[in-house]
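Reading through the structure tokens given below for one structure.
There are 2 protein chains.
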Amino acid sequence: MSRIVDFGLPIVPSTSRLRPLGLGDVEILGGFWGERQALNASTLIAHAQEWMEKVGWIANFDHALDGTLVEKRRGREFSDSDVYKLMEAMAWEHGRTGSAEMNERFEALTRRILPVQEPDGYLNTKFGRPGQQPRYSDFEWGHELYCFGHLIQAAVARARTFGRDAFVEMAIRAADHVCAEFGEGGRDSIPGHPEIEVALAELGRLLGDDKYIRQAALFVERRGHGRLRDIEWGRSYYQDDIPVREATVARGHAVRAMYLAAGAADVAVETGDEELFAAVKAQMDATMARRTYVTGGMGSRHTGEAFGEDFELPPDRSYSETCAGIAAMMVCQRLLLATGEPQYADLIERILYNIVATSTAEDGHGFFYANTLYRRTPGELPEKDVPSPRADSSLRAPWYDVSCCPTNVSRTLASMASMIATTGDGAVQIHQFVPAHIRAAVADESIELDMTTNYPDDGIVRITVVSAPTQGVELRLRVPAWVDGGATLAVGDTVVEVAAGYAHAPRRLRAGESLTLTLPMEAKWVHPDPRIDTVFHQVAVTKGPRVFALESHDLGADVGRAQVDVAAGLGDGVQPEVAIRLVAEGGSGWPYRAAGDAGQGEPRRTTLIPYHRWGNRGPATMRVWLPMA
Amino acid sequence: MSRIVDFGLPIVPSTSRLRPLGLGDVEILGGFWGERQALNASTLIAHAQEWMEKVGWIANFDHALDGTLVEKRRGREFSDSDVYKLMEAMAWEHGRTGSAEMNERFEALTRRILPVQEPDGYLNTKFGRPGQQPRYSDFEWGHELYCFGHLIQAAVARARTFGRDAFVEMAIRAADHVCAEFGEGGRDSIPGHPEIEVALAELGRLLGDDKYIRQAALFVERRGHGRLRDIEWGRSYYQDDIPVREATVARGHAVRAMYLAAGAADVAVETGDEELFAAVKAQMDATMARRTYVTGGMGSRHTGEAFGEDFELPPDRSYSETCAGIAAMMVCQRLLLATGEPQYADLIERILYNIVATSTAEDGHGFFYANTLYRRTPGELPEKDVPSPRADSSLRAPWYDVSCCPTNVSRTLASMASMIATTGDGAVQIHQFVPAHIRAAVADESIELDMTTNYPDDGIVRITVVSAPTQGVELRLRVPAWVDGGATLAVGDTVVEVAAGYAHAPRRLRAGESLTLTLPMEAKWVHPDPRIDTVFHQVAVTKGPRVFALESHDLGADVGRAQVDVAAGLGDGVQPEVAIRLVAEGGSGWPYRAAGDAGQGEPRRTTLIPYHRWGNRGPATMRVWLPMA
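These protein sequences, in sequence, are chains D and C.
Just so it is clear: in the first sequence, position 167 is 167 by the numbering used here, and no numbers are missing.
Just so it is clear: in the second sequence, position 170 is 170 by the numbering used here, and no numbers are missing.
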């Protein structure tokens, strides 16, 4: 077992403005996210593994060995990747806690997969055997390189939490196979689903071997020239319509678009390609300004699971796939490290609280694949024992025919300590607010910090310097963009008002000293850009990083009838309270008339709930955007 | 050649409140629809035939004979049906004008298809030969019964415009095959795409043979019990989720839903099944009140080409498939004849002017498959020489991989004289306003009427009685529901104000007398039900039966930036004029803010165009619903 460099870090750019701190540096100690990490460890990972055993996706590897795979194979063409994503989650989880059980789970799966790899490094349960489709016969839909990508990402996690074991060596052989097959002079092809790019780039960083980064760059450069077949949804579906460095905004399948952007960002950083980096950054900035939901969700169309046009953000048909949110966080983390600009950490926070936290049922046994902002009819309770065939299942289902999201949540929760803090510019930056113990080094000098907070229940974040060099430590704390005045930083008696962005502590802090960031955690009305026509003249309520929702359990009526009286204000309790009037329920005539109807009668004051909590009390209607009376 | 009964009538209920008048009774003489019928005769039918030759859908029949079909077959599994729909159009067109050319086209196609029918009556180019899938091996997607349905509908058209020729006999053999195969004791199956029901019911009426109506009833009753496989979109996609007589609103694939409703209405009428009829009527009434666009379009989702939930009517992603509009007209015509209620003729009118008229390019060489209410980015000109792979092609394409719509438009235009007038309750009813010569019989006495009008350019409709029995004729004219006061009926000096519904002429009219209906043809603001959240606080403009649209050619800017000043009024010219303010163009930041933005600067007065005219001046952005400043 080799020495572990960069312990517990999903990404380690060779050069960056900010240096990430990994699972060995940041320990999350309870709170909102600590609870979810615990649920992941106790429930989500086991739940996913049990389902993948039950539906036969893991057994595919066994059948590959006993020769019965052709008749017995189960799952879609990308099912191998979910096993790898689960293993990535196990690897981070073992890295996070040292859990022997997680390590054993990982190794047991390794033993089943390892013998399936072919001598030349190829590994896939769907292709290449007699009676199966040949290898690389379907770049549009085959997902072979996508599966390799997740295999390699799992291996990077394993290497950075355990070391180079047999699983890691297997992934390296697979990556070598990919380079041999698709390198310069090899097959001039790209996969329908990006993912290999981001994986190869990180493997290159892990091993310090440019070969893999060059291969990732090749895949990035090849895309956008029409190598993939035109389909009903157009080549934009797989971003093969416009070269990456010429595109101006994300489009097509949202997960594909974001995985590609993450990989392109890595390639740009590692090759010093400023033009490519600027293109990826500009695309992401435009996507955030024009194609992102107030929840941080991405993907406006069920058709093609895709981004819509600019400002096409319908609440009811919001796809906002959980995986797209996670993929967008991957892009944001890369841009944050490279630029130090706060909007990327802002979006990570928004996605964490409103997509990642929303996706999973509070008991850990159900998941949203799509995260709608408006459920018009009470969802149906999904069946308990069969995977849901519907991505837009109306309530959280225990498993899906396409079940990419649960394992994506698991790997994200297990590794999320890596998104809390960084070092750079001679300082420590705090990006996300969680109770945590943080170890860092600035100018080779060790620093330890304790962060305590009830965030997001309140906005008070206290950082205590446990140890620091004698000159003290310079701290910078993100003041989220949702702050609109009233945030302060206090060190002793010195209290300064701070604006959105990275607030500098008023002075260096020495061991034993502490600093308090106070963010105004109050409910607020949020108005959409008027070009987002499908929520025109409607408002949402946010409180800190969280978006709130009106659920029919609280309203006592179908939320589709609700109109909100903004002038009546927002109640002050733990949960915002609003004044709602109901429009008439009936309506059997032609619905286009000479005058618009308004809500009737006395307004009822109704509590909103955090969006991430909706759908946990049984079938309900729910909406985030409320028409203004 | 047998005697032709009920000349030129698509449907002839054995019992009904109103009796339709067919192509032999009503001659459309120019005007808005006469021009379109002429374009159909001169261009659309030939265009469709040329494309179907070019893409090989007609040649499939030839290849079936020369044994090369397996390798040479072109088109989707339902391509035979488009050939039959084209032949239906030719049959009506021959019936309408007596065109020898149309007759020859029809007969030439008959000669190519006839020999392909198998001895037991089966006929399909996609299934059943060595090397093809077996017959009836894929009820969900195979479309065999759908193709038979269109074959039979074409045969009904032929029989009612020409007589029982070889084509008609072929269709009867096919229908007999269907009854033998799927009758009581036969295969207990239903097709994924309804259409056979409405076709068999009409064949039963044509031949006076209950067998076909019983078979149609069987298909109707079998549906809704989960005989078809569950799919990602659910069994509602093909209406196999709820029995027809228990459903309360249309759902799933819009064309499927409407073809089924038309067939179920026919079955209910012919079998005297009042419960079934009431169910279909209630479904249609609910669909009109909660799931229909202001254009009369149906289908809110590209995914599954489907109805959305109640009040889910997004303008930009409006699917509003042309075929769904036509199918809804088929339902309306049946409900109108059965009940005499005006809302069905109102919806037929709305669909005619805003879906059927919109679908086809003004030069007759392009078609919209989907009819969006908001085009956000300038559409791309489709390629001229290849079928479009995209149903939501951004501008009218000459042909589609799935090209059901052009031939549906053709058969509708050629037969639309049958929707103009009826007899019943001792009167003649005028439902649609076109320049026309009308022959009818009331109580076995002949009546001739001349209708002259510039409708919808103005609202003046003059009916002159050319001949009538001595006691005169009782006339009833539809006053559309869009009339909101100000409509009058005048006979000589007697002028009475009339309200929406069927206005009775103030007295019987004798030969030589005339009557004038004056409808206030003025531009009006229309407000949506507030539950249609995606157009909340937005208005549309209508003028008579036509919906108007803002196109960027007239605005001189992207319509996405438009906000309308309703208080500034509607200009009075031929085309309505509105006052538009533009919201800021830029926007690179987070689009959810503490306050909403409003349009800036002096409003510009801008002309609207009839929605059906949009997209004829090259790439443009366009919207029907305008946010209120």
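Just so you know, even glycine gets a beta-carbon here, dropped at the ideal spot from N, CA and C.
This one's a predicted model, so the numbers in the text were calculated from it and none came from an experiment.
Thinking just about the alpha-carbon of each residue, which of D/473, D/497, D/465 and D/469 is nearest to the one in residue 479 of chain D? Stepping through the first sequence from its first residue, residue 479 of chain D is reached at position 479. That would be D/497, whose Cα lies nearest to the Cα of residue 479 of chain D.
Can you give the Cα-Cα distance for residue 197 of chain C and residue 370 of chain D, rounded to whole angstroms? Translated into positions along the second sequence, residue 197 of chain C becomes position 197. Translated into positions along the first sequence, residue 370 of chain D becomes position 370. Each residue's Cα considered, the two are about 37 Å apart.
CA-to-CA distance, residue 519 of chain C to residue 637 of chain C, given in whole angstroms: Nothing in the structure corresponds to residue 637 of chain C, since chain C is present only between 1 and 629.
From the DSSP output, in three-state form, read off residue 223 of chain D for me. Taking the first residue of the first sequence as position 1, residue 223 of chain D is located at position 223. In this structure, residue 223 of chain D counts as coil in the three-state DSSP scheme.
Report the residues of the stretch 518-536 of chain D with a CB closer than 8 Å to any CB of chain C, ordered along the chain. 524, 525, 526, 527, 528, 529, 530, 531, 532, 533, 534, 535 and 536
Residue 603 of chain D - containing beta strand (DSSP E), residue span: As a first step, residue 603 of chain D must be located in the first sequence, where it is residue number 603. According to the DSSP assignment, residue 603 of chain D belongs to the beta strand (DSSP E) that extends over 600-607.
Use the C-beta contact count for residue 589 of chain C: other C-beta atoms within 10 angstroms, 16 or more gives buried, fewer gives exposed. On the second sequence, residue 589 of chain C is found 589 positions in, with the first residue counted as 1. Exposed, since its Cβ has fewer than 16 Cβ neighbours within 10 Å.
Would DSSP call residue 192 of chain C helix, strand or coil? Residue mapping note: residue 192 of chain C aligns to position 192 of the second sequence, counting from 1. Residue state, collapsed to three classes: coil.
Extract the residue ranges of the alpha helix (DSSP H) inside the stretch 246-319 of chain C, only unbroken runs of 4 or more that lie entirely within it. 254-271 and 274-290
Bridge partners - residue 327 of chain C, DSSP secondary structure assignment: Your numbering for residue 327 of chain C matches position 327 in the second sequence. Note: residue 327 of chain C sits in no beta bridge, so no partner.
Would you kindly check if the distance between the Cβ of residue 526 of chain C and the Cβ of residue 564 of chain C is under 9 Å? Locating residue 564 of chain C in the second sequence gives position 564, counting from the first residue. Locating residue 526 of chain C in the second sequence gives position 526, counting from the first residue. It is not a contact, given that the beta carbons lie outside the stated cut-off.
Contiguous beta strand (DSSP E) assignments of at least 3 residues, all confined to the stretch 524-607 of chain D: 538-543, 546-551, 562-564, 577-582 and 600-607
Count Cβ pairs between the stretch 179-195 of chain D and the stretch 155-164 of chain D that sit closer than 8 Å; are there 3 or more? no
Within 10 angstroms of its Cβ, does residue 617 of chain D collect 16 or more other Cβ (buried), or is it exposed? Position 617 of the first sequence, counted from the first residue, corresponds to residue 617 of chain D. With fewer than 16 Cβ atoms within 10 Å of its Cβ, residue 617 of chain D is classed as exposed.
Residues that residue 117 of chain D contacts on chain C, provided the C-beta gap is smaller than 7 Å: Counted from its first residue, the first sequence places residue 117 of chain D at position 117. Neighbours of residue 117 of chain D on chain C: none; closest Cβ ~33 Å, over 7 Å.
Does chain C have any CB closer than 9 Å to the CB of residue 431 of chain D? Against the first sequence, residue 431 of chain D aligns to sequence position 431. It does not; no Cβ of chain C falls within 9 Å.
Contact set between the stretch 207-238 of chain D and chain C, restricted to residues whose Cβ is under 8 Å from the partner: 230, 231, 232, 233 and 234
Could you give the distance in angstroms between the alpha-carbon of residue 56 of chain D and the alpha-carbon of residue 366 of chain D? In the first sequence, the residue the question calls residue 56 of chain D occupies position 56. In the first sequence, the residue the question calls residue 366 of chain D occupies position 366. Distance between the alpha carbons of residue 56 of chain D and residue 366 of chain D: 19 Å.
Applying the 10 Å Cβ sphere with the 16-neighbour rule, what's the burial state of residue 14 of chain C? The count along the second sequence starts at 1 and reaches residue 14 of chain C at position 14. Residue 14 of chain C should be labelled exposed.
Buried/exposed call for residue 3 of chain C, threshold 16 Cβ in 10 Å: Here residue 3 of chain C is taken as the residue at index 3 of the second sequence, counted from 1. The predicted position of residue 3 of chain C is uncertain, since its pLDDT is 46 and thus under 50; a value taken from the coordinates is nonetheless stated next. The residue is exposed, with fewer than 16 neighbouring Cβ atoms inside 10 Å.
For residue 588 of chain C, go through chain D and note every residue whose CB falls closer than 8 Å to its CB, in chain order. Your numbering for residue 588 of chain C matches position 588 in the second sequence. Here the neighbours are 285, 286 and 289.
Beta-carbon within less than 8 Å of residue 243 of chain D's beta-carbon, same chain only, minus the 5 sequence neighbours each way: which residues are those? The residue labelled residue 243 of chain D in the question sits at position 243 within the first sequence. Result list for residue 243 of chain D: 221, 223, 224 and 225, in chain order.
Taking C-beta pairs closer than 8 Å, name the residues in chain D that residue 637 of chain C reaches, listed in chain order. Look at the range of chain C in this structure, 1 to 629, and you will see that residue 637 of chain C is not part of it.
Would residue 10 of chain C pass as a contact of residue 333 of chain C if the rule is Cβ separation under 9 Å? Translated into the one-based positions of the second sequence, residue 10 of chain C becomes position 10. Translated into the one-based positions of the second sequence, residue 333 of chain C becomes position 333. Closer than 9 Å, so yes.
Excluding the 5 residues preceding and the 5 following residue 569 of chain D in the sequence, name in chain order all residues of the same chain whose CB lies nearer than 8 Å to its CB. Stepping through the first sequence from its first residue, residue 569 of chain D is reached at position 569. So the qualifying residues of the chain are 579.
Run through chain D and tell me which residues come within less than 7 Å of residue 627 of chain C, C-beta to C-beta. As a working mapping, residue 627 of chain C is identified with position 627 in the second sequence. By Cβ distance, chain D contributes 530, 533 and 536.
For the stretch 300-333 of chain C, enumerate the residues whose C-beta is nearer than 8 Å to any C-beta of chain D, in chain order. 301, 302, 303, 308, 309, 310, 311, 312, 314, 315, 316 and 317
Compute the beta-carbon to beta-carbon distance between residue 409 of chain C and residue 360 of chain C, rounded to the nearest angstrom, for a pair I have assumed lies under 8 Å. Along the second sequence, read from residue 1 onward, the residue named residue 409 of chain C stands at position 409. Along the second sequence, read from residue 1 onward, the residue named residue 360 of chain C stands at position 360. At roughly 6 Å, the Cβ-Cβ gap stays under 8 Å, so residue 409 of chain C and residue 360 of chain C are in contact.
Can you tell me the Cα-Cα spacing of residue 184 of chain C and residue 597 of chain D, whole angstroms? Here residue 184 of chain C is taken as the residue at index 184 of the second sequence, counted from 1. Here residue 597 of chain D is taken as the residue at index 597 of the first sequence, counted from 1. Distance between the alpha carbons of residue 184 of chain C and residue 597 of chain D is about 52 Å.
Within 8 Å of chain D by C-beta, residues of the stretch 545-566 of chain C in sequence order: 560, 561 and 563
Closest by CA to residue 577 of chain D, which one among D/585, D/592, D/602 and D/548? If you number the first sequence from 1, residue 577 of chain D lands on position 577. That would be D/548, whose Cα lies nearest to the Cα of residue 577 of chain D.
Would you mind reading off the limits of the alpha helix (DSSP H) that contains residue 175 of chain D? Here residue 175 of chain D refers to the residue found at position 175 of the first sequence. Unbroken alpha helix (DSSP H) run through residue 175 of chain D: 166-182.
Taking only beta-carbon positions, decide if residue 483 of chain C is within less than 9 Å of chain D. One-based indexing of the second sequence puts residue 483 of chain C at position 483. No, residue 483 of chain C lies away from the interface with chain D (no Cβ there is under 9 Å from its Cβ).
Identify each residue in the stretch 572-597 of chain C for which the Cβ-Cβ distance to at least one residue of chain D is less than 7 Å, and report them in chain order. 583, 587, 588, 589, 590, 591, 592, 593, 594, 595, 596 and 597
List, in order along the chain, the chain D residues whose C-beta lies closer than 7 Å to that of residue 294 of chain C? For the purposes of this step, residue 294 of chain C is identified with residue 294 of the second sequence, where counting begins at 1. Those within 7 Å of residue 294 of chain C in chain D are 592.
Per DSSP, what kind of secondary structure is residue 133 of chain C in: helix, strand or coil? For this step, residue 133 of chain C is matched to residue 133 along the second sequence. Three-state DSSP puts residue 133 of chain C in a strand.
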